[in-house]
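Quick note: the sequence shown, position 29, residue 29 per the numbering used here, numbers continuous.
Note that the Cβ used here is the ideal one computed from N, Cα and C, for glycine as well.
As the structure is a computational prediction, the values presented were derived from the model and not from experiment.
Contents: one structure, followed by commentary.
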Amino acid sequence: MPHGLGHFMGLDTHDVGGRPKNHPKQTLPGFSSLRCCVELRAGMVLTVEPGVYFNDYSIDSALNDPAMSIYINSEILERFRGMGGVRIEDDVVVTRTGMVNLTQCPRTVEEIQDTMAGKAWNVKVIDNDLVFSSI
Numbered sequence: 001m002p003h004g005l006g007h008f009m010g011l012d013t014h015d016v017g018g019r020p021k022n023h024p025k026q027t028l029p030g031f032s033s034l035r036c037c038v039e040l041r042a043g044m045v046l047t048v049e050p051g052v053y054f055n056d057y058s059i060d061s062a063l064n065d066p067a068m069s070i071y072i073n074s075e076i077l078e079r080f081r082g083m084g085g086v087r088i089e090d091d092v093v094v095t096r097t098g099m100v101n102l103t104q105c106p107r108t109v110e111e112i113q114d115t116m117a118g119k120a121w122n123v124k125v126i127d128n129d130l131v132f133s134s135i
């Protein structure tokens, strides 16, 4: 299942509005689950959801397809089968010139291992004036 721009955030954690009424549903393989199909405007807050999932049905289908299996290292893949997957969801606010990532969590292997070991993690301070003046 691909991930990309996820859902809007507003009055509800999973706010509506990512697919306008009468907007055609994406039918390309791998894209039918994408939820955000609108032009982004400054002030919108939404999730960005990159992820990798180890779904046996999808993996087996890819391994049985010669056009896809050439890109898969089966030996390495077997180390990860059965683990489920990983997704790091970011919450971002769209600005006039780009976006500001509101998510504050450890990212690197070192940061994650240090945090899991109970070490302090330095949270980066978000400049709210910068965020709100650029919307």
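- Thr47: member of the beta strand (DSSP E) spanning 45-48, first to last residue.
- Collapsing the DSSP output to three states places Val109 in a helix.
- Following the DSSP letters along the chain, one finds Met9 in no alpha helix (DSSP H), marked with neither H nor E.
- Counting only runs of 4 or more residues that sit fully inside the segment 74-121, the alpha helix (DSSP H) segments are 74-80, 109-116, in chain order.
- Burial check for Thr115: the Cβ neighbour count within 10 Å stays below 16, so the residue is exposed.
- Collapsing the DSSP output to three states places Tyr53 in a strand.
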